[in-house]
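Undergrad: Residue numbers (my numbering): 1 to 407.
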Ligand code: ADP
């Protein structure tokens, strides 16, 4: 079965094609084709990058093309030119889409129907930077591929069982009736990491208490018990919780009231909190942790403060997840910072020493692939897992399509 995955962000679009022969393999296979589009709004340019399993690479720039035109151009490279891996679009059996917001209605991945599309459109008000792009991708595929089955894999679904006590904001009760509650995000990644953790530890997921730390440009923690998310740091929007690359994470809501009274509009606050805060806002240098680390080496004080706040927030939110779980068997680090920053992992684990957690410093420094980096006697395991959201989407798509075909 050939499954195309579309993973649309606000300013980027990742796509890949997986070929699954027989049943789903336990370990993620490499995609046969993968591509990325980055939109640069300031100069109206899209950069495209494609690579194939056989090592073919192609980079291109498109000027003044609409999003659907750019995506359509990119997908042509699946069956045309040097990066061709299939003879025609008809070889594709299904398309899996990452859809950021599934609201309360969607607790698992579903085959796209008109009702699902209407729900994704309705939920755009809760995820304005993502759901419209996800819907655009679904509709474009309908145009290119006709009635081919498509599957929506929701980033919120994994968190849909969070108990009311963790999901309800203590504002007026009618917020809850208006859908203002904690939804949580990065669910595809958290769920994938939880199942990989159980595999690495050779334990039943149902008996594990896990805290997954997804630390990329967006950052969130999830407390997982019995294979289910029971608490998470992102909330009604992906702005809640940890300090991130350009997002503030949780701040006193009184700050926003104060700024609104000074004349700030909702759009200005949106920009400040989503794009001008976090590591970038405090350091004044970059959202990228590597640049912050280089600036610290040069003695930059704001960069040092940014990293210190990042770690402080990470530790305090970890404490919250730990208490929600009432203990922990393994901490999982994933995404750009989680997978690559030995320093962030070491600083976090040092603070968890009181639990009997002992990091193997050599393993932490030389970590490649998915592995356990705690010492043999550590009371808590520490895992580094390369998150594979696209593969998780392809896998869900495969299951939904097999289910819908009755086989
Ligand atoms: P996204 O959330 O956009 O998918 P990523 O998961 O790629 O982002 O994470 C991006 C973050 O990972 C950036 O802050 C970047 O600095 C950080 N990162 C990537 N590689 C390293 C590294 N070798 N050391 C430290 N941080 C890294």
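Ideal placement from N, C-alpha and C gives every residue a C-beta, glycine not left out.
1) Taking 6 Å as the limit, name every residue whose beta carbon sits nearer than that to some heavy atom of the ligand ADP, in sequence order.
2) Quick check on the DSSP output: the beta strand (DSSP E) that includes residue 94 runs from which residue to which?
3) Which partner residues does residue 33 have in the DSSP bridge list?
4) Just list the alpha helix (DSSP H) runs in the segment 362-391, keeping only unbroken ones of 4 residues or longer that don't cross its boundaries, in chain order.
5) Measure the C-alpha to C-alpha separation of residue 89 and residue 79 and round it to an integer number of angstroms.
6) For residue 222, which three-state DSSP category applies?
7) Locate the beta strand (DSSP E) running through residue 57, then write down its first and last residues.
8) Does the pairing of the segment 159-175 with the segment 109-117 give three or more beta-carbon distances under 8 Å?
9) Whole angstroms are fine: how far does the CA of residue 145 sit from the CA of residue 331?
10) Check the DSSP bridge columns for residue 213 and list the partner residues they point to.
11) Enumerate in chain order the residues of its own chain whose CB-to-CB distance from residue 121 is below 7 Å, with the five nearest sequence positions on each side excluded.
12) Are there 16 or more other CB atoms within 10 angstroms of the CB of residue 407, so buried, or fewer, so exposed?
13) Whole angstroms is fine: what's the gap from residue 128's alpha carbon to residue 72's?
14) Is the segment 326-341 touching the segment 191-206, taking contact as three or more C-beta pairs under 8 Å?
15) Less than 8 Å between C-beta atoms, sequence neighbours within five positions excluded: which residues of the same chain meet that for residue 399?
16) Classify residue 392 as buried or exposed, calling it buried when 16 or more other Cβ atoms lie within 10 Å of its own Cβ.
17) Please report the straight-line C-alpha distance between residue 74 and residue 202, rounded to a whole angstrom.
18) Thinking just about the alpha-carbon of each residue, which of 220, 118 and 14 is nearest to the one in residue 311?
19) Need the endpoints of the beta strand (DSSP E) that residue 422 sits in, please.
20) Per DSSP, what kind of secondary structure is residue 39 in: helix, strand or coil?
21) Does the Cβ of residue 426 have 16 or more other Cβ atoms within 10 Å, making it buried, or fewer, making it exposed?
22) If you follow the alpha helix (DSSP H) that residue 261 is part of, which residue opens it and which one closes it?
23) Is residue 248 near residue 214, with beta carbons less than 9 Å apart?
TA: Judging by the given coordinates:
1) This criterion selects 216, 217, 218, 245, 288, 289, 290, 335, 336, 337, 340 and 341.
2) For the purposes of this step, residue 94 is identified with residue 94 of the chain shown, where counting begins at 1. Following the DSSP letters along the chain, one finds residue 94 inside the beta strand (DSSP E) bounded by residues 94-99.
3) Walking along the chain shown from the start, residue 33 turns up at place 33. Beta-bridge pairing links residue 33 to 17 and 52.
4) Note on the segment 362-391: there is no whole alpha helix (DSSP H) run with a minimum of 4 residues.
5) Locating residue 89 in the chain shown gives position 89, where the first residue counts as 1. Locating residue 79 in the chain shown gives position 79, where the first residue counts as 1. Their Cα atoms are separated by approximately 7 Å.
6) Residue 222 sits at position 222 when you count from the first residue of the chain shown. Here residue 222 sits in strand by DSSP.
7) Along the chain shown, one-based indexing puts residue 57 at 57. Note, residue 57: beta strand (DSSP E), 57-63.
8) Judged by Cβ distances under 8 Å, the segment 159-175 makes no contact with the segment 109-117, as fewer than three pairs qualify.
9) For the purposes of this step, residue 331 is taken as residue 331 along the chain shown, with counting starting at 1. For the purposes of this step, residue 145 is taken as residue 145 along the chain shown, with counting starting at 1. Rounded to the nearest angstrom, the two C-alpha atoms are 42 Å apart.
10) Counted from its first residue, the chain shown places residue 213 at position 213. Residue 213 is bridged to 221 and 333.
11) For the purposes of this step, residue 121 is identified with residue 121 of the chain shown, where counting begins at 1. Excluding residues within five positions, the ones whose Cβ falls inside 7 Å are 135.
12) Translated into positions along the chain shown, residue 407 becomes position 407. Residue placement at residue 407 cannot be trusted, given a pLDDT of 40 that sits under 50; what the coordinates show is reported in the next sentence. Exposed, by the Cβ-count rule.
13) The count along the chain shown starts at 1 and reaches residue 128 at position 128. The count along the chain shown starts at 1 and reaches residue 72 at position 72. Cα-Cα distance, rounded: 22 Å.
14) Contact holds: three or more Cβ-Cβ distances are below 8 Å.
15) One-based indexing of the chain shown puts residue 399 at position 399. For residue 399, where only same-chain residues beyond five positions count, the Cβ hits under 8 Å are 24 and 109.
16) Taking the chain shown and counting its residues from 1, the one referred to as residue 392 is at position 392. Buried, by the Cβ-count rule.
17) By 1-based counting over the chain shown, the position of residue 74 is 74. By 1-based counting over the chain shown, the position of residue 202 is 202. Rounded to whole angstroms, residue 74 to residue 202 spans 40 Å at the Cα level.
18) By one-based count along the chain shown, residue 311 stands at place 311. Selected option, being the one with the closest Cα: 220.
19) Limits of the chain in this structure are 1 at one end and 407 at the other, which puts residue 422 out of reach.
20) Translated into positions along the chain shown, residue 39 becomes position 39. Strand at residue 39.
21) Absent from the model: residue 426. The displayed extent of the chain is 1 to 407, so no value can be given.
22) Residue numbering aside, residue 261 sits at position 261 when the chain shown is read from its first letter. Residues 253-261.
23) Residue mapping note: residue 248 aligns to position 248 of the chain shown, counting from 1. Residue mapping note: residue 214 aligns to position 214 of the chain shown, counting from 1. Contact: no.
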